[in-house]
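Chemist: In this text, residue positions in the first sequence follow the working numbering: the first is 95, and each later residue adds one.
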Amino acid sequence: MSLAGAAPRRKQSPVITAEHDTSDALLRARPAALLAWYDRHRRTLPWRAPPGATADPYAVWLSEIMLQQTTVRAVGPYFDKFMARWPTVTALGEASLDDVLKMWAGLGYYSRARNLHACAVAVTRQHGGRFPDTEEGLRALPGVGPYTAAAIAAIAFSRRTMPVDGNIERVVSRLYAVEDELPKAKPRIKALAETLLGPSRAGDSAQALMDLGATICTPKKPACALCPLMQGCTARLRGDAESFPRKAPKKTGTLRRGAAFVVIRGDQVLVRSRPAKGLLGGMTEVPNSDWLPDQDEAAAKAQAPALKGVSRWHRKAGVVSHVFTHFPLELAVYVAHAAAGTRAPTGMRWTQISTLSDEALPNLMRKVIAHGLGD
DNA sequence: AAGTCGTGGGC
DNA sequence: TGCCCAAGACT
95 MSLAGAAPRR
105 KQSPVITAEH
115 DTSDALLRAR
125 PAALLAWYDR
135 HRRTLPWRAP
145 PGATADPYAV
155 WLSEIMLQQT
165 TVRAVGPYFD
175 KFMARWPTVT
185 ALGEASLDDV
195 LKMWAGLGYY
205 SRARNLHACA
215 VAVTRQHGGR
225 FPDTEEGLRA
235 LPGVGPYTAA
245 AIAAIAFSRR
255 TMPVDGNIER
265 VVSRLYAVED
275 ELPKAKPRIK
285 ALAETLLGPS
295 RAGDSAQALM
305 DLGATICTPK
315 KPACALCPLM
325 QGCTARLRGD
335 AESFPRKAPK
345 KTGTLRRGAA
355 FVVIRGDQVL
365 VRSRPAKGLL
375 GGMTEVPNSD
385 WLPDQDEAAA
395 KAQAPALKGV
405 SRWHRKAGVV
415 SHVFTHFPLE
425 LAVYVAHAAA
435 GTRAPTGMRW
445 TQISTLSDEA
455 LPNLMRKVIA
465 HGLGD
């Protein structure tokens, strides 16, 4: 690792030291330095083509959608499952939305799955099974925003554009000590990030910055000594790299409470589907009450489904706690047993407990059912 | 334009 | 433990 700290201090401008060299020469050298680092330290990931090879646009798109606000670790098995079952965008475009939701269950942000399916349908039916190869064309697809469009254009189609994700925001905001808070600083960070593009290999430049952000320029305790861009990194020189990017403190949502009802009929449990849009849109759930701040247990329990031929409700000890992005939730769980032949109320259905793993069950509902079935 | 939208892991 | 964070998009 060449740290390049041996360059002599400049005598003409005492403020600018070799370690804080922001000369034109250094700035021009950054894209190549970044790519050189990438060639040695790039992560091997399932959706990445081997060095020098062209990436499959479908794999790039699928991975980019899954990786939105989601860790590489969490995405790995889902990406493999999707690629095995639907190897092409056309195959995915011919699948049912329900099958896609089932496969996505557990990964979170379910609007992504709905948009994923809509996008595959659009590419299949309106684009002849081929992804648009321009940023503008990609941006028009469902679920493809400014970041994802730029990422696919650069990585899969070698377009000279720089996607800006959370990693790149962090790296660039430190490099230039951008004081403006996010999201106000986004346009400036985008412009600064583009200065790291060289004449070619835009996709590798972007992935290099992402890998850098994920492994070196981390949110906490960045390993600046190992960074190929350490020279002239303003935040590092100031010694407060960790304080970037600046962002307004986020408020935590208020706790909401409710009740969930696990009705067991032999080896089956009563479920229904949530409305297509909104929280957990289109996913499967057991009947449950409203989720409201300061809702007392009696009010929640009063929302139990009306069923004939069902035992009394038994409240399981404790609660199921879950944390959504914008509020925490506590659900009391009630269990009842239904006689064989008991009809499911309108809009509900019985499903085999043994095949729940195949349902489009969000993890919250997996926790609820496990709590209800447990001792 | 600020709020909505999951989940798991790290410290 | 509680809080922050992760390859953002949509409204």
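Cβ atoms here follow ideal geometry from the backbone N, Cα and C, with glycine treated the same way. The model shown is predicted, which means the values in this text are computed figures rather than measured ones.
Check the C-beta distance from THR445 over to VAL365 and give it rounded, since I have them as a contact under 8 Å.
Modeler: About 5 Å separates the two Cβ atoms, so the contact holds.
Chemist: In the DSSP assignment, find the alpha helix (DSSP H) that holds PHE85 and state where it starts and stops.
Modeler: Any answer about residue 85 is impossible in this case: the structure gives the chain only from 95 up to 469.
Chemist: I'd like to know whether the C-beta atoms of PHE251 and TRP155 end up nearer to each other than 8 Å.
Modeler: No, Cβ-Cβ distance for PHE251 and TRP155 is not below 8 Å.
Chemist: Is the segment 291 to 311 touching the segment 233 to 240, taking contact as three or more C-beta pairs under 8 Å?
Modeler: No: the two stretches stay apart, fewer than three of their Cβ pairs being nearer than 8 Å.
Chemist: Taking the beta carbon of GLU379 as the centre, do at least 16 other beta carbons fall within 10 Å, making it buried, or is it exposed?
Modeler: So GLU379 ends up on the buried side.
Chemist: Can you tell me the Cβ-Cβ gap for TYR204 and LEU195, rounded? I've got them flagged as a contact below 8 Å.
Modeler: With a Cβ gap of about 7 Å, TYR204 and LEU195 count as contacting.
Chemist: Report the start-end ranges of each alpha helix (DSSP H) in the segment 161 to 236 that is 4 residues or longer and not cut off at the edges.
Modeler: Listed in chain order, the complete alpha helix (DSSP H) runs (minimum 4 residues) inside the segment 161 to 236 are 166 to 179, 183 to 187, 191 to 198, 205 to 220 and 229 to 233.
Chemist: Which one of VAL417, LEU306, LEU161 and ILE358 has the shortest CA to CA distance from ARG406?
Modeler: That would be ILE358, whose Cα lies nearest to the Cα of ARG406.
Chemist: Opposite LEU276 in the DSSP bridges: which residues?
Modeler: Answer is LYS341, bridged to LEU276.
Chemist: How many angstroms separate the CA atom of GLY99 from the CA atom of GLU336?
Modeler: Low confidence applies here, because GLY99 scores a pLDDT of 28, under 50, leaving its location unreliable and the question unanswered by this model.
Chemist: Can you tell me whether DSSP reads PRO151 as helix, strand or coil?
Modeler: Here PRO151 sits in helix by DSSP.
Chemist: In whole angstroms, give me the CA-to-CA distance for GLU391 and ALA178.
Modeler: Looking at the two C-alpha atoms, the distance is approximately 45 Å.
Chemist: Tell whether a beta-carbon distance below 8 Å holds between ALA430 and VAL404.
Modeler: Taking 8 Å as the Cβ cut-off, ALA430 and VAL404 qualify as a contacting pair.
Chemist: From ILE283 to LEU450, what does the alpha carbon distance come to, in whole angstroms?
Modeler: Between ILE283 and LEU450, the C-alpha separation is close to 45 Å.
Chemist: Quick one: what's got a C-beta closer than 6 Å to PRO151's C-beta in the same chain, skipping five residues either side?
Modeler: Counting only Cβ-Cβ distances below 6 Å, and skipping sequence neighbours, we find PHE225 and ALA250.
Chemist: Contact between the segment 187 to 201 and the segment 453 to 461: three or more CB pairs below 8 Å?
Modeler: Yes, since at least three Cβ pairs between the segment 187 to 201 and the segment 453 to 461 fall closer than 8 Å, the two stretches touch.
Chemist: With distances taken Cα to Cα, identify the nearest neighbour of ALA153 among ILE159, PRO322 and TRP141.
Modeler: Among ILE159, PRO322 and TRP141, the Cα nearest to that of ALA153 belongs to TRP141.
Chemist: Alpha carbon to alpha carbon, how far is ARG134 from LEU232?
Modeler: Looking at the two C-alpha atoms, the distance is approximately 31 Å.
Chemist: Taking the C-alpha atoms as reference points, what is the distance between LEU120 and VAL266?
Modeler: Approximately 15 Å, taken between the alpha carbons.
Chemist: Rounded to whole angstroms, what is the Cα-Cα separation between LEU423 and GLY441?
Modeler: Each residue's Cα considered, the two are about 25 Å apart.
Chemist: Is it the case that the CB of LEU401 approaches a heavy atom of the ligand MN more closely than 7 Å?
Modeler: What this structure holds is no ligand at all, so the ligand MN is not there to describe.
Chemist: Are the beta-carbon atoms of ALA212 and GLU229 separated by less than 8 Å?
Modeler: It is not a contact, given that the beta carbons lie outside the stated cut-off.
Chemist: Per DSSP, MET442 is paired with what?
Modeler: ARG366.
Chemist: Indicate the three-state DSSP secondary structure (helix, strand or coil) for PRO456 in the structure shown.
Modeler: Here PRO456 sits in coil by DSSP.
Chemist: Which term fits GLN163, buried or exposed, when burial requires 16 or more other beta carbons within 10 angstroms of its beta carbon?
Modeler: Per the 10 Å Cβ criterion, exposed.
Chemist: Just to confirm the assignment, what range does the beta strand (DSSP E) spanning ALA430 have?
Modeler: It spans 422 to 431 - the beta strand (DSSP E) in which ALA430 sits, taken as one unbroken run.
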